[in-house]
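Visitor: Take this structure, written in structure tokens, and hold onto it; I'll ask about it next.
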Amino acid sequence: MPELPEVETSRRGIEPHILNRTVTDVIVRQKNLRWPIPATLKSQLVNQKIRQVERRGKYILLYTDAGTVILHLGMSGSLRILKQSVPPEKHDHFDIFFSNNKLLRLRDPRRFGAVLWTKKDPLKHKLLCDLGPEPLSNDFTAEYLFAISRKRSVAIKTLLMNSHIVVGVGNIYANESLFSAGINPKRAASKISLNRYQQLVNSVKSILQLSIEQGGTTLRDFTQEDGKPGYFQQTLAVYGRTSEPCPVCGKPIKKISQAQRSTFYCSHCQK
DNA sequence: CAAAGGTCCTGCTCGC
DNA sequence: TGCGAGCAGGACCTTT
35 MPELPEVETS RRGIEPHILN RTVTDVIVRQ KNLRWPIPAT LKSQLVNQKI RQVERRGKYI
95 LLYTDAGTVI LHLGMSGSLR ILKQSVPPEK HDHFDIFFSN NKLLRLRDPR RFGAVLWTKK
155 DPLKHKLLCD LGPEPLSNDF TAEYLFAISR KRSVAIKTLL MNSHIVVGVG NIYANESLFS
215 AGINPKRAAS KISLNRYQQL VNSVKSILQL SIEQGGTTLR DFTQEDGKPG YFQQTLAVYG
275 RTSEPCPVCG KPIKKISQAQ RSTFYCSHCQ K
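Start counting the first sequence at 35; every next residue gets the next number (the working numbering).
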């Protein structure tokens with residue numbers, strides 16, 4: 035489910051319910067996610083107040099005075115705020131209970147997500163310390179992408195999805211951004227001009243920003259039991275549209291595989 | 001061989 | 001030769 039817009043929307047959705055609330059209990063039903071949920075998490079977290087709810091890339095960070103919970107939603111994870119009386123379902127692996135009779139519940143059928151705990155600055159954690167810039171920040175520029183790509187033979191789409199280059203651009207938005215910028219996803223990253231990188235950076239920023247705004251409207255109420263994401267109902271130009279007409283030129287959208295992910299593009303509009 | 005919104009890890013090649 | 005960077009492929013899982 036989650037690309038950056040949904041992770042950010044999830045962060046915004048849970049924040050008002052848990053900020054400054056005290057953890058009263060932690061329940062782990064299935065500890066085997068991407069990595070095991072630490073056995074000591076409950077003893078570390080209970081009685082702590084959530085001091086900040088932040089995001090770095092697709093990681094959500096719950097800061098307390100004792101340490102920080104690092105959450106990742108993987109491919110299929112979602113977070114809900116629920117009353118404590120709501121019974122868990124099959125893939126509800128992890129709950130944090132709060133003093134306001136609510137709980138934060140992680141559901142993740144494929145279990146590619148993660149729940150970790152660190153006592154040090156989470157931005158120095160192994161998984162976070164080498165991440166690239168936030169795509170919506172001023173650090174993500176055409177000059178940056180141009181410079182970092184000079185010796186890269188990988189396809190631009192693969193580069194764009196590399197979280198060590200820039201965080202938060204998942205498969206949907208890599209496809210959509212490249213279409214919007216008119217760049218062929220197979221093009222070697224080293225063979226793209228500064229001007230075209232400017233187009234790409236503009237596209238990434240505007241598409242992610244729009245998606246966050248849409249996610250914000252559809253995911254606003256996290257207290258409901260079915261907080262289903264809806265932002266991807268938005269009109270996508272190429273993603274998932276194999277053989278459909280390109281919205282610009284009408285030629286059929288092509289589907290190929292790159293780095294074991296599906297790529298959708300228009301061979302006429304994207305060079 | 002099915003594909004799905006993620007990304008870490010391993011092992012290889014290449015260039016200095 | 002040794003070393004690091006870059007890269008491809010495999011791995012992790014369940015559901016439709």
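We put the beta carbon where it would ideally sit given N, CA and C, even for glycine.
Out of L270, E168, P167 and Y299, which has the shortest C-alpha to C-alpha gap to R221?
Guide: In the first sequence, the residue the question calls residue 221 occupies position 187. Among L270, E168, P167 and Y299, the Cα nearest to that of R221 belongs to Y299.
Visitor: To the nearest angstrom, how far is the alpha carbon of L157 from that of P279?
Guide: By one-based count along the first sequence, residue 157 stands at place 123. By one-based count along the first sequence, residue 279 stands at place 245. Answer to the nearest angstrom: the Cα atoms are 44 Å apart.
Visitor: Three-state secondary structure (DSSP) at V41?
Guide: Position 7 of the first sequence, counting from 1, holds the residue named residue 41. Looking at V41 - three-state DSSP - the assignment turns out to be helix.
Visitor: Inspect the beta-carbon positions of W151 and Q78 and report whether they are closer than 8 Å.
Guide: Translated into the one-based positions of the first sequence, residue 151 becomes position 117. Translated into the one-based positions of the first sequence, residue 78 becomes position 44. Cβ distance < 8 Å, so W151 and Q78 count as in contact.
Visitor: Please list the segments of the alpha helix (DSSP H) lying wholly inside the region 39-106, counting only runs of 4 or more residues, in order along the chain.
Guide: Within the region 39-106, the complete alpha helix (DSSP H) runs of at least 4 residues are 75-79.
Visitor: Could you tell me the alpha carbon to alpha carbon distance between H51 and V188, rounded to whole angstroms?
Guide: As a first step, residue 51 must be located in the first sequence, where it is residue number 17. As a first step, residue 188 must be located in the first sequence, where it is residue number 154. Cα-Cα distance, rounded: 43 Å.
Visitor: N54 to I287, Cα distance in whole Å?
Guide: Against the first sequence, residue 54 aligns to sequence position 20. Against the first sequence, residue 287 aligns to sequence position 253. About 49 Å.
Visitor: Compute the beta-carbon to beta-carbon distance between L110 and F146, rounded to the nearest angstrom, for a pair I have assumed lies under 8 Å.
Guide: For the purposes of this step, residue 110 is identified with residue 76 of the first sequence, where counting begins at 1. For the purposes of this step, residue 146 is identified with residue 112 of the first sequence, where counting begins at 1. Before going further, note that residue 110 is Ser rather than Leu in the sequence given. Going by Cβ atoms, the distance from S110 to F146 rounds to 7 Å, so yes, they are a contact pair.
Visitor: Kindly identify the DSSP beta-bridge partner or partners of A222.
Guide: Mapped onto the first sequence, residue 222 falls at position 188. Paired residue(s): A189.
Visitor: Would L242 pass as a contact of I217 if the rule is Cβ separation under 8 Å?
Guide: As a working note, residue 242 is residue 208 in the first sequence. As a working note, residue 217 is residue 183 in the first sequence. Result no, Cβ atoms of L242 and I217 do not sit closer than 8 Å.
Visitor: Would you call the region 178-185 and the region 113-125 in contact, with 3 or more CB pairs under 8 Å?
Guide: No, because fewer than three Cβ pairs between the region 178-185 and the region 113-125 fall closer than 8 Å, the two stretches do not touch.
Visitor: Is R114 helix, strand or coil when you go by DSSP?
Guide: Here residue 114 refers to the residue found at position 80 of the first sequence. R114: strand per DSSP, three-state reduction.
Visitor: Can you tell me whether P70 is buried or exposed? The criterion is at least 16 other CB atoms within 10 Å of its CB, across all chains shown.
Guide: Locating residue 70 in the first sequence gives position 36, where the first residue counts as 1. Its Cβ having fewer than 16 others within 10 Å, P70 is exposed.
Visitor: Mind checking who P286 pairs with in its DSSP beta bridge?
Guide: The residue given as residue 286 occupies position 252 in the first sequence. P286 pairs with P279.
Visitor: Where does K131 sit, in a helix, a strand or coil, going by DSSP?
Guide: Along the first sequence, read from residue 1 onward, the residue named residue 131 stands at position 97. Correcting the residue type first, residue 131 is Phe in the shown sequence and not Lys. The answer is strand: DSSP assigns F131 an E or B state.
Visitor: Going by beta-carbon coordinates alone, are F128 and V62 separated by less than 8 Å?
Guide: By 1-based counting over the first sequence, the position of residue 128 is 94. By 1-based counting over the first sequence, the position of residue 62 is 28. Against a cut-off of 8 Å, the Cβ pair of V62 and F128 comes out as a contact.
Visitor: Report the rounded CA-to-CA distance for S112 versus K239, giving the unit in angstroms.
Guide: As a first step, residue 112 must be located in the first sequence, where it is residue number 78. As a first step, residue 239 must be located in the first sequence, where it is residue number 205. Roughly 24 Å separates the two Cα atoms.
Visitor: Since V149 and L140 should fall inside the 8 Å C-beta cutoff, what is the C-beta to C-beta distance between them, to a whole number of angstroms?
Guide: Sequence index remark: in the first sequence, residue 149 carries index 115 (1-based). Sequence index remark: in the first sequence, residue 140 carries index 106 (1-based). Indeed, because the Cβ distance is near 7 Å, the residues count as touching under 8 Å.
Visitor: Bridge partners for V149 per DSSP, in chain order?
Guide: Taking the first residue of the first sequence as 1, we reach residue 149 at position 115. V149 is bridged to L105.
Visitor: For K154, write down the residues that DSSP places opposite it in a beta bridge.
Guide: Here residue 154 is taken as the residue at index 120 of the first sequence, counted from 1. According to DSSP, K154 bridges with nothing at all.
Visitor: Considering S296, what are the terminal residues of the beta strand (DSSP E) in which it resides?
Guide: Taking the first sequence and counting its residues from 1, the one referred to as residue 296 is at position 262. Counting along the chain, the beta strand (DSSP E) containing S296 begins and ends at R295 to Y299.
Visitor: Rounded to the nearest angstrom, how far is the Cβ of A208 from that of K191, given a contact under 8 Å?
Guide: Here residue 208 refers to the residue found at position 174 when the first sequence is read from its first residue. Here residue 191 refers to the residue found at position 157 when the first sequence is read from its first residue. Confirmed, Cβ separation roughly 5 Å.
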